[in-house]
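Going letter by letter, the sequence shown gives residues 1 to 443 in the UniProt record's numbering.
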Amino acid sequence: MDSQKEALQRIITTLANKNEELHNFIDTLSHSLAGVQVNSSQVVSDLEEEFDTLFSILDEMKGSMTNAIKQEQARKSHELQNQLTQSTNALESAEELLEFANNALHIKDEDEFAKAAKQIKDRVTMAPAFRLTMKPKATDSMTHLMVDFSQERQLLQNLNFLPVPRAPEIEAQDCLVVDNTVTVVWRMPVEDNKIDHYILEYRKTNHEGLPRVKDERCWEVVDNIKTTEHTLTGLKFDSRYMNFRVRACNKAAAGDYSDPVTLETKAFNFSFESTSSHLNLKVEDGSVEWDPQGGKGLESKIKGKENKGSAHLANLKNMSRSGTPSPKRASTARSPAVRGGRDRFTGESYTVLGDTSMDCGQHYWEVKALKDCKSYSIGVAYRNLGKFDQLGKTNTSWCIHINNWLQTSFAAKHNNKDNPKSEKVGMLCKIQIKTECDKIQVL
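Okay, here's the thing in structure tokens:
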């Protein structure tokens, strides 16, 4: 009976919560509906105001153009009237001279004829009729005036309502994650040539699946993207996943965000597992230090004190290198056979494991030796190392050993055999068969 009451109470609580959610959702819908109505009325008001402004501009342009046409008409009419007056005067002068010349032909006296001929010659030379170009300053084609509104008419016909852009759709299958760069590709559900630019937002996360509304990291923003894809460079893959979302913007407003997508970065980051270290190794964060006092067992007693005579080893740095999406973080599941207590390594097996196993991909990491470091090794083991096993001295482990006691030397070791030496040292682990290494090990 009590259990049934408890179950019924849980149902009632759930229904009450759902009821409250529905009330809130209805309030949100009502608020959105009121906002749409108010915004629509405002848009119509703005449209009427805009058209009134356009009409006033056209009316002003009409007055200006009419005035320009009248001025052009007056100028051309005045010039043509002047030309007509000059031509009429020249014609009268030419007719008078022609009559005088005809009369001169009948003169019998040679002196009188020579005198008349000289007058005719001087008057012909000075006659205005012979100085006219005989070309009107305003031809028939120049008398036609036209106002061309074809371009303006086309612009007006292209006027259209500019709605808020729809949310883009990210094409997850076309996105590429490789070598600390991410290329995000999206498309518009409906072709829209009014889009001015896009805004891309991204954030790092360690949560798989749909992005959470609240996450421990804030969104980073990339603005003013002109195409439907963007490549983020210079990233540091220090999280397992990244969330992405994008929105389109036109001249009016920014649209809704796309449905966010989560892309795996395959980040692989590890540090040292202090519980797996030899008693004479002092492990702190990403560094390992030789402690002849038994740094692990006495860590709480000597913390903060200077460890004189100790040989510093290294800070470990993981660097991803791959031609495929950058492989980084692998499964963090720990095999019970791998982990142990403080006696995980004893004897001369001065070893500490990484805290994360590798089961696939390509991985590259480095060790930086601090001053006074005499020797160290870095490598991997395919199967568990025994308490007394040393890295590179078994047939399931590989390492590079650096010795700085007398002179610097390098040796690649496997199954207790040294391979040819080299001046350059790096560690690239390529796992082709899915299996679990005995963690990353540093000696």
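All C-beta atoms, glycine included, are put in the ideal place defined by N, C-alpha and C. Note that the coordinates shown come from a computational prediction; the quantities given were computed from them, not determined experimentally.
When the Cα atoms are used, K393 and W365 turn out to be separated by approximately 21 Å. Excluding the 5 residues flanking it on each side, W186 has same chain C-beta neighbours closer than 8 Å at P168, E169, I170, E171, Y198, T228, E229, V246, S258, in chain order.
Closest in C-alpha terms to R203, from the list S77, G294, V261, comes V261. In the three-state scheme derived from DSSP, where H, G and I count as helix and E and B as strand, N39 is classed as helix. Counting along the chain, the unbroken beta strand (DSSP E) around A412 starts and ends at 409-414. If you draw a straight line from the Cα of Y382 to the Cα of S397, it is about 6 Å long. The C-alpha of S274 is placed about 7 Å away from the C-alpha of V352. If the five residues before and after S93 are omitted, its C-beta is found closer than 7 Å to the C-beta atoms of A127, P128, A129, all from its own chain and listed in chain order. Contiguous alpha helix (DSSP H) elements confined to the UniProt domain "Fibronectin type-III" (164-268) do not occur, taking only those with 4 or more residues.
Where S150 is concerned, there is no enclosing beta strand (DSSP E), although the alpha helix (DSSP H) around it starts and stops at 150-157.
In terms of CA proximity to G386, G347 leads the group G354, G347, A412, S409. Between the alpha carbons of N19 and D223 lies a distance of about 40 Å. Just so you know, the alpha carbons of N384 and D291 end up roughly 25 Å apart. A267 is classed as buried because its beta carbon has at least 16 other beta carbons within 10 Å across all chains shown. Here the alpha carbon of L263 sits roughly 11 Å from the alpha carbon of S239. Ranking I402, M242, C373, D148 by CA distance to the CA of S287 puts C373 first. The alpha-carbon separation between C218 and H207 amounts to approximately 14 Å.
A248 places its beta carbon less than 8 Å from that of I195. Sixteen is the threshold: since fewer than 16 other Cβ atoms of the shown chains lie within 10 Å of the Cβ of F51, the residue is exposed. Here M358 is buried: its Cβ has 16 or more other Cβ atoms, across all protein chains shown, within 10 Å. Counting the other Cβ atoms within 10 Å of the Cβ of G354 gives 16 or more, which makes it buried. A residue is called buried when at least 16 other Cβ atoms come within 10 angstroms of its Cβ; P163 does not meet this threshold and is exposed. DSSP places A114 in the helix class (H, G or I) of the three-state scheme. The C-alpha of E284 lies about 30 Å from the C-alpha of D418.
Between the alpha carbons of K62 and F55 lies a distance of about 10 Å. Under DSSP, the beta-bridge partners assigned to G354 are F272.
Nearest Cα to L176 within the set M242, L105, R75: M242. Linking L29 to H23 through their CA atoms gives a straight-line distance of about 10 Å.
Boundaries for S349: no beta strand (DSSP E) harbours it, and the DSSP string shows neither H nor E there. The residue from N395, W405, N280, E289 with its alpha-carbon nearest to that of S349 is N280. Taking C-alpha positions only, K135 is separated from T88 by approximately 14 Å. The DSSP-derived three-state label of N419 is strand. Of D27, I400, N415, the smallest CA-CA separation from S409 is found for I400.
The alpha-carbon of S3 is positioned some 10 Å away from that of Q9.
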